[in-house]
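Working notes, beginning with the structure itself.
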Amino acid sequence: MFEARLIQGSLLKKLVDAIKELCTEVNWDISNSGINMQSMDGSHVCLVAFNLRADGFDHFRCDRPLTLGINLGNLAKILKCSGSNDIITMKADDNGDTLTLMFESEKQDRITDVDLKLMSIESEHLGIPDQDYSAETSMPSSEYQRIVRDLSSIGDTVNISATKEGIKFSAMGDIGTANITLRQTSSADKEEENVKIEMKEPVLLTFALRYLNNFAKATPLSSTVQVFLTKDLPVQVNYNIQDLGYVKYYLAPKIEE
Amino acid sequence: MSAQKKISTFFSPK
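Protein chains in written order, with the working numbering: chain A, 1 to 257; chain B, 1 to 14.
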C-alpha cells in the first residue's frame, strides 16, 4: 500500500508540467524514503531525475517498494482537474494497476477522485558518476529562463563558457550572433536574486538550446537554479523544490567531430 | 561540425 498526501498539491502539477514534454512514459520508484524517477528523453540526449522526500509530504506511507509505470501526459490531464490550492493525495495498492488521485479543496467542501491506469514500462537506470565540476553557477530561475529563451531566437545551439569574467552564453545563427554574460552579484535584496559563480577551471561547452529551454519549464518550482558545467561532460541543471526535493536535468554536450 | 552526443556516452547503465 502506498499513500501520500501533499498539502501544496500544485507542486505535483508543476513538477509533471516540467518534465512531461521530455519524458512521456516513466517509472516512479516509491519507497519509504519517498518518490524517485529517472528517465531519458525520447532521443536519449538528456536525462531527467526527480526526488520527492517522504518527509516533504503531510502524510507518507509505503509498506513495500513499488514501481508505478505512468504516462505523464495522461497524469498531466488528470492534474488539470485539480485546483491550484487543492490538497492532493495519491494512493496505490501493492499489486494494483491504478494510481488513485484525490483532490480536496482548501475548505474540504469539494473532493475529486480519479483513477489513472498504470502501465508496464521497461526502463534502464543510468549511474550518474560523482563529478568534480569545473564551474557551478546559481542564478534566479527567471534569469536562466530568459537567457535560453532570448538566445533561441538567434540560433539552435549555445556555447556556455565560464571564465574569470563570469559565465557567458553565446548563440550564433543566420541573423547574427548574441552573447549574454552574467557576472557574480551580491547586491540583490534577497539572497536568491544574486548570481553566484564558483569556478575551479575555465570551461567551454556547446549545447542544443531546445533542451535547455525545455528545462526552464521547471521555473515555477523554484526561485533559483544551479547550473553545473564540467569539461567534456553533460551540463546539470538543478531546481530545488523547497522542503520537498528536487528535479535535475542532464544534457549531453555537442562535441566537435 | 559538432555532433550531438547521447547521454549514455557519459552515464552507464547501473
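By construction, the Cβ of each residue, glycine as well, lies at the ideal position given by its N, Cα and C atoms.
Worksheet item: CB Leu-182/A to CB Val-195/A, shorter than 8 Å?
Response: Counted from its first residue, the first sequence places residue 182/A at position 182. Counted from its first residue, the first sequence places residue 195/A at position 195. Their beta carbons are under 8 Å apart, which means Leu-182/A touches Val-195/A by this criterion.
Discussion item. For a test of the three-state rule: what should DSSP assign to Pro-220/A, helix, strand or coil?
Written reply: The residue given as residue 220/A occupies position 220 in the first sequence. Pro-220/A falls in the helix class under three-state DSSP.
Discussion item. Using C-beta distances below 7 Å, list every residue in its chain close to Leu-75/A, excluding the 5 sequence neighbours before and after it, in chain order.
Written reply: Numbered from its first residue, the first sequence carries residue 75/A at position 75. Val-16 and Leu-116.
Item to complete: Within 10 angstroms of the Cβ of Pro-65/A, are there 16 or more other Cβ atoms? Answer buried if so, exposed if not.
Response: Residue numbering aside, residue 65/A sits at position 65 when the first sequence is read from its first letter. Classification for Pro-65/A: exposed.
Fill in: Contact with chain B by Leu-229/A, beta-carbon distance below 8 Å
Taking the first residue of the first sequence as position 1, residue 229/A is located at position 229. Taking Cβ atoms only, chain B never reaches closer than 8 Å to Leu-229/A, which makes this a no.
Discussion item. On the CB-based measure, 16 or more other CB atoms within 10 Å of its CB, does Glu-165/A come out buried or exposed?
Written reply: Here residue 165/A corresponds to residue number 165 of the first sequence, with the count starting at 1. So Glu-165/A counts as exposed.
Fill in: Candidates Lys-254/A, Pro-234/A, Ile-19/A and Ala-4/A, of which the one nearest Ser-134/A by Cα
Walking along the first sequence from the start, residue 134/A turns up at place 134. Out of Lys-254/A, Pro-234/A, Ile-19/A and Ala-4/A, Pro-234/A has the C-alpha closest to the C-alpha of Ser-134/A.
Worksheet item: Would Ile-175/A be called buried (16 or more neighbouring beta carbons within 10 Å of its own) or exposed?
Response: Locating residue 175/A in the first sequence gives position 175, counting from the first residue. When all chains shown are included, Ile-175/A counts as exposed.
Practice prompt. Starting from the Cα of Pro-202/A, find the closest Cα among Arg-146/A, Thr-137/A, Ala-171/A and Ile-78/A and give me that residue.
Written response: Locating residue 202/A in the first sequence gives position 202, where the first residue counts as 1. Nearest C-alpha to Pro-202/A: Thr-137/A.
Item to complete: Tell me the start and end of each unbroken beta strand (DSSP E) in the segment 156-219 of chain A that is at least 3 residues and wholly inside, in chain order.
Response: 157-163, 166-173, 176-182, 196-199 and 203-208
Discussion item. Quick check for students: name the residue ranges of the beta strand (DSSP E) that lie wholly in the segment 65-126 of chain A, counting only runs of 3 or more.
Written reply: 66-71, 87-92, 98-104 and 111-117
Worksheet item: Which stretch, first to last residue, makes up the beta strand (DSSP E) that contains Gln-242/A?
Response: Locating residue 242/A in the first sequence gives position 242, counting from the first residue. Counting along the chain, Gln-242/A falls outside any beta strand (DSSP E), and DSSP gives it neither H nor E.
Fill in: Assumed close pair Asp-189/A, Gly-56/A - CB separation to whole angstroms, cut-off 8 Å
The count along the first sequence starts at 1 and reaches residue 189/A at position 189. The count along the first sequence starts at 1 and reaches residue 56/A at position 56. With 8 Å as the limit, Asp-189/A and Gly-56/A do not qualify as a contact, their Cβ atoms being about 27 Å apart.
Worksheet item: Per DSSP, His-59/A is paired with what?
Response: Working through the first sequence from its first residue, we reach residue 59/A at position 59. Looking at the DSSP assignment, His-59/A forms a beta bridge with Arg-5/A.
Practice prompt. Note down the Cα distance separating Leu-22/A from Lys-107/A, rounded to an integer number of angstroms.
Written response: Residue numbering aside, residue 22/A sits at position 22 when the first sequence is read from its first letter. Residue numbering aside, residue 107/A sits at position 107 when the first sequence is read from its first letter. Roughly 35 Å separates the two Cα atoms.
Worksheet entry | Exposure of Asp-232/A, with buried meaning 16 or more beta-carbon neighbours within 10 Å | Translated into the one-based positions of the first sequence, residue 232/A becomes position 232. Asp-232/A should be labelled exposed.
Practice prompt. Starting from Val-158/A, find everything on chain B with Cβ-Cβ shorter than 9 Å and list it in chain order.
Written response: Looking up residue 158/A in the first sequence gives position 158. Correct list: empty, because the minimum Cβ distance to chain B is about 12 Å.
Discussion item. Counting C-beta neighbours from all protein chains within 10 Å, is the total for Glu-104/A 16 or more, i.e. buried, or is it exposed?
Written reply: Your numbering for residue 104/A matches position 104 in the first sequence. Classification for Glu-104/A: buried.
Practice prompt. Report, in whole angstroms, the separation of the C-beta atoms of Asn-71/A and Ala-54/A, which I expect to be a contact under 8 Å.
Written response: Residue 71/A sits at position 71 when you count from the first residue of the first sequence. Residue 54/A sits at position 54 when you count from the first residue of the first sequence. Asn-71/A to Ala-54/A, Cβ: 24 Å. No contact.
Item to complete: Excluding the 5 residues preceding and the 5 following His-125/A in the sequence, name in chain order all residues of the same chain whose CB lies nearer than 8 Å to its CB.
Response: Here the question's residue 125/A lines up with position 125 in the first sequence. Counting only Cβ-Cβ distances below 8 Å, and skipping sequence neighbours, we find Gln-38.
Fill in: 7 Å Cβ shell around Ser-141/A - same chain, five flanking residues per side excluded
Position 141 of the first sequence, counted from the start, is the residue given in the question as residue 141/A. The residues are Thr-219, Ser-222, Ser-223, Thr-224, Val-225 and Tyr-239.
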